[in-house]
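Colleague: Below you'll find the structure I mean.
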Amino acid sequence: NQLGMVVRGLSGEGSDASGSIFQISNQTTLGESEEDIIKRLQSVLQSIIEHELNARQKLLEADARKLHDKIGRAYGILQNSHVVNSAEAMNLLSLLRLGIDLQVFPEETRPVIDRLFIEAQPGHIQYALKHDLEAGERDCSRATRLREEFAKFPTPTFTANGKN
10 NQLGMVVRGL
20 SGEGSDASGS
30 IFQISNQTTL
40 GESEEDIIKR
50 LQSVLQSIIE
60 HELNARQKLL
70 EADARKLHDK
80 IGRAYGILQN
90 SHVVNSAEAM
100 NLLSLLRLGI
110 DLQVFPEETR
120 PVIDRLFIEA
130 QPGHIQYALK
140 HDLEAGERDC
150 SRATRLREEF
160 AKFPTPTFTA
170 NGKN
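Going by our numbering, the sequence shown opens with residue 10, and the numbers climb by one from there.
What follows is the structure in structure tokens.
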């Protein structure tokens, strides 16, 4: 906020950051050029990236095994669940994306995870099935779709000491 930027959850003000996805927007634009706004945004984003990388490193150093356990559990849930709501799907997929960054899964699986982030949304499920669904039906359909995808997904690769 000190730099005139606001960070919110995925769906805007007051929303949670499902899947660790955030929305960053500028607060002030009056009298500021588009180029200046972009430069300021790039500076803020670079700072956020550095903080995230530092936080990941601290997590790995503190307890890599625990972090790998979270990633492995997310993989297991996505591979075996029969009911998954959209917030849970986003959070589990986010852990697998972290697993890709930590080389637990191959880099070529990133587009699959990115696609599933979108396809797991309620509107996309209904669109794919070509009719409206109650929340419970969507959660079951989402879980079925995720199980199908993760039946083909590579297994995680962890080393014995908890570090990759």
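The beta carbon of each residue, even a glycine, is placed where N, CA and C say it ideally should be.
#1: Rounded to whole angstroms, what's the CA-CA distance from Lys-75 to Glu-44? Just pull it up for me.
#2: Going by DSSP, what residue range makes up the alpha helix (DSSP H) through Gln-135?
#3: In chain order, what residues of the same chain lie with their CB nearer than 7 Å to the CB of Gly-171, ignoring the 5 residues before and after it?
#4: Using the C-alpha atoms, what's the distance from Arg-106 back to Ile-47?
#5: When the Cα of Asn-100 is compared with those of Glu-143, Thr-37, Leu-125 and Glu-146, which residue comes out closest?
#6: Roughly how many whole angstroms lie between the Cα atoms of Glu-59 and Gln-66?
#7: Quick check: the Cα distance between Asn-173 and Lys-139, rounded to an integer number of angstroms?
#8: Between Val-113 and Cys-149, is the Cβ-Cβ spacing less than 8 Å?
Modeller: Result, derived from the coordinates:
#1: As a working note, residue 75 is residue 66 in the sequence shown. As a working note, residue 44 is residue 35 in the sequence shown. Straight-line Cα distance between these residues: approximately 43 Å.
#2: Residue 135 sits at position 126 when you count from the first residue of the sequence shown. That run of the alpha helix (DSSP H) goes 131-138.
#3: Indexing the sequence shown from 1 puts residue 171 at position 162. Because Gly-171 carries a pLDDT of 48, less than 50, the predicted location of this residue cannot be relied on, and the following value inherits that uncertainty. Cβ neighbours of Gly-171 beyond the five flanking positions: Ala-73, Arg-74 and His-77.
#4: Locating residue 47 in the sequence shown gives position 38, where the first residue counts as 1. Locating residue 106 in the sequence shown gives position 97, where the first residue counts as 1. The alpha-carbon atoms of Ile-47 and Arg-106 are separated by roughly 27 Å.
#5: For the purposes of this step, residue 100 is taken as the residue at position 91 of the sequence shown. Measuring from the Cα of Asn-100, the nearest candidate turns out to be Leu-125.
#6: Numbered from 1 along the sequence shown, position 50 holds the residue referred to as residue 59. Numbered from 1 along the sequence shown, position 57 holds the residue referred to as residue 66. Answer to the nearest angstrom: the Cα atoms are 11 Å apart.
#7: Residue 173 sits at position 164 when you count from the first residue of the sequence shown. Residue 139 sits at position 130 when you count from the first residue of the sequence shown. Legend: pLDDT at Asn-173 = 49, less than 50; position of this residue unreliable, value from coordinates given subsequently. Going from the Cα of Asn-173 to the Cα of Lys-139 covers about 43 Å.
#8: Locating residue 113 in the sequence shown gives position 104, where the first residue counts as 1. Locating residue 149 in the sequence shown gives position 140, where the first residue counts as 1. Their beta carbons are not under 8 Å apart, which means Val-113 does not touch Cys-149 by this criterion.
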